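Here the structure comes first, spelled out in structure tokens, and everything after it is commentary.
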Amino acid sequence: MAVATEQQILDGLAEIIDEIVGIDKSEVTPEKNFIDDLDIDSLSMVEIAVAAQDRFGVEIPDDELRNLKSVQDVINFVQKLQS
Amino acid sequence: MTGLRIPEAAAGARILAFGDYRPARIVTNDELSRTVDTNDEWIRTRVGIQERRIAGDDEGIVELGVHAGGKALANSGLDPSDIDLVILATCSAESPMPGHAPQVAHRLGIDAPGAFDLNAACAGFCYALGTASAAVRAGSARNVLVIGSEKMSQWIDWTDRSTSIIFADGAGAAVVTGSESPGIGPVVWGSAGENYDKIIIDDRHSFIRQEGQAVFRWATTAIAPVALEACERAGIAPGDLAAVVPHQANLRIIQAIARKMKATNAVVADDIVHSGNTSGASIPLALSRMIERGDVPSGAPALLVGFGAGLSYAAQVIQIP
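Quick look at the structure:
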């Protein structure tokens, strides 16, 4: 799989979040915190992680998921594993 | 030497009737929030449960099973003497010995049937149904009473908010008989014993504990493919299913499985809302309610899929009796 740009990961993540928890794509910006800003709970985070795995071809285990607090954290994590 | 004689047997097996039993005592989320740090809204959004049933002190696995089994037997139109095998699925027994199936059979007036307990946790009913279907088609039994009976409340730490809000008590049953035309599809079953510690009661002094996030991830990713394989092996397209009845683990898991199956015309069981997670009893409890309410027509195909501790899982397509 080709390495995705930051914008591509952000767009992909926004689509996934829209599909799973129904938050409008425009709300999903890098500085947003999943729990505090987007009101996404831990179980939805698991569903988002699984969808992100399929989309970006990287594995996001539960142990790592705990550390991914913001949209930017996920972007960084995916980019690190893809490179 | 020539081989041994084998019995004549029915070509297929089908379900004649279901029966259920829900203990009288209803425990609401508000009641739980008085003893543990939780609230109604949190439980509804995370798990989907509004209320659950908890058995009385005088109601054990046997009593719950007798109520549900008796109702299924009455609904089937068969006499107790017609039943020659009783399989009781449970994972919440207070004592491992003796098994509960012989007592349930005796209490229902079923004379000396084959009778045994089966433990595949929340997949127990689907395992028992697969075993019953095989027994009928092999000629080992003519009519089988299959029961899922659970008293999860006796293994719950009522101060643990991660489990006390989820698990509940109840029993459901089905009567399986031989038929020319198969009404129970091939069972697809499996396990993942390497994950034995994800849902576990460590010892007789312990309570149920589970790694919620890990179980959620497994259930929302690994189970839909099992359900789809059961459809494939029964020759039923997911779009033709009239009902999808996953183990009532968590409403969000149930919805994720149904969504991934693309069973667009199916009613999806949501008995968890009023019954909680009753482990091996949840599928026949949900089906009984759906049939009583007229949600699913007789003869229509329904997909059952159980999954839980073990880890273990099983699925099959049935025709609604």
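Here the protein sequences line up with chains R and X, keeping their order.
Just so we're aligned, residue 5 is where the first sequence starts under our numbering, counting upward by one.
Just so we're aligned, residue 841 is where the second sequence starts under our numbering, counting upward by one.
Quick reminder that beta carbons are idealized off the backbone N, C-alpha and C, glycines included.
Here the structure is a predicted model, which is why all the values come from computation and not from measurement.
Does residue i come out as helix, strand or coil in the three-state DSSP assignment?
| i | result |
| --- | --- |
| X/Y967 | helix |
| R/L14 | helix |
| R/F38 | coil |
| X/L1127 | helix |
| R/F60 | helix |
| X/T930 | coil |
| X/V983 | For the record, residue 983 of chain X in the displayed sequence is Asn; it is not Val. Reduced to three states, the DSSP call for X/N983 is strand. |
| X/F1007 | strand |
| X/S1031 | strand |
| R/D67 | helix |
| X/K1102 | coil |
| X/R845 | coil |
| X/A915 | Inspection of the sequence shows that residue 915 of chain X is occupied by Asn rather than by Ala. Note: X/N915 maps to helix in three-state DSSP. |
| X/G896 | coil |
| R/E19 | helix |
| X/A1080 | The sequence as given places Asp at residue 1080 of chain X; Ala does not occur at that position. Three-state DSSP puts X/D1080 in a helix. |
| X/P936 | coil |
| X/S873 | coil |
| R/K80 | Lys is not the amino acid found at residue 80 of chain R; the sequence shown has Asn there. Reduced to three states, the DSSP call for R/N80 is helix. |
| X/P1086 | strand |
| X/V944 | helix |
| R/K138 | Residue 138 of chain R cannot be examined here, being either before or after the span of chain R that is shown, 5 to 87. |
| R/V7 | coil |
| R/S87 | coil |
| X/G910 | helix |
| X/V1108 | strand |
| X/D860 | strand |
Take residue i and list the residues in its own chain whose beta-carbon comes closer than 8 Å to its own, dropping the five residues that flank it on each side.
| i | result |
| --- | --- |
| R/S87 | V7 |
| X/G888 | N1090, L1091, R1092, I1094, D1110, I1112 and V1113 |
| X/P863 | R893, I894, A895, G896, E899, L904, D1009 and G1010 |
| R/E19 | K29 |
| X/A1077 | C1071 |
| X/G964 | A929, T930, C931, L958, G988, S1119, G1120 and G1146 |
| R/L69 | M49, V50 and A53 |
Give every residue of the same chain whose Cβ lies closer than 6 Å to the Cβ of residue i, excluding the five residues on either side of it in the sequence, and list them in chain order.
| i | result |
| --- | --- |
| X/N959 | C931 |
| X/I1041 | W995 and I1048 |
| X/G910 | L948 |
| X/V867 | R892 and I894 |
| X/P953 | I923, D924, L925, V926 and A945 |
| X/Q1050 | I1039 |
| R/V82 | I13, F60 and V62 |
| X/G1025 | A1074, Q1156 and V1157 |
| X/L1081 | A1103, A1106, P1141 and L1143 |
Excluding the 5 residues preceding and the 5 following residue i in the sequence, name in chain order all residues of the same chain whose CB lies nearer than 7 Å to its CB.
| i | result |
| --- | --- |
| X/L872 | T878, S1004 and I1005 |
| X/R1001 | V876, D877 and T878 |
| X/V1055 | K1038 and I1039 |
| R/I79 | E10, I13, L14 and P34 |
| X/T885 | none |
| X/V906 | V944, R947 and L948 |
| X/A1096 | T1060 |
| X/S1128 | F858, G859, D860 and G1012 |
Who pairs with residue i in a beta bridge, going by DSSP?
| i | result |
| --- | --- |
| X/P1141 | X/Q1159 |
| X/F1147 | X/Y1153 |
| X/I855 | X/V1016 |
| X/G1025 | Partner(s): none; X/G1025 has no beta bridge. |
| X/T868 | X/E891 |
| X/R1001 | None; X/R1001 has no bridge partner. |
| X/I1041 | X/I1048 |
| X/F831 | With chain X covering only 841 through 1161, there is no way to say anything about residue 831 of chain X. |
| X/N1117 | X/F1007 |
| X/K991 | X/D1009 |
| R/S48 | Note: R/S48 sits in no beta bridge, so no partner. |
In or out: residue i buried (at least 16 other Cβ within 10 Å) or exposed?
| i | result |
| --- | --- |
| X/N1105 | exposed |
| X/R874 | exposed |
| R/E10 | exposed |
| X/I915 | The sequence shown places Asn at residue 915 of chain X, rather than the Ile named in the question. X/N915 should be labelled buried. |
| X/P942 | buried |
| X/M937 | exposed |
| R/I13 | buried |
| R/N71 | exposed |
| X/S1152 | buried |
| X/K991 | buried |
| X/A1032 | exposed |
| X/P847 | exposed |
| X/P1137 | exposed |
At least three beta-carbon pairs within less than 8 Å, the stretch 973-984 of chain X to the stretch 940-947 of chain X: They do not touch, by the three-pair rule.
At least three beta-carbon pairs within less than 8 Å, the stretch 26-37 of chain R to the stretch 1030-1037 of chain X: no
Meets three-Cβ-pair contact criterion under 8 Å: the stretch 921-928 of chain X and the stretch 1109-1117 of chain X: Taking a cut-off of 8 Å on C-beta distances, the stretch 921-928 of chain X does not touch the stretch 1109-1117 of chain X, as fewer than three cross pairs fall below it.
At least three beta-carbon pairs within less than 8 Å, the stretch 1076-1091 of chain X to the stretch 1141-1155 of chain X: yes
Meets three-Cβ-pair contact criterion under 8 Å: the stretch 54-66 of chain R and the stretch 846-861 of chain X: no
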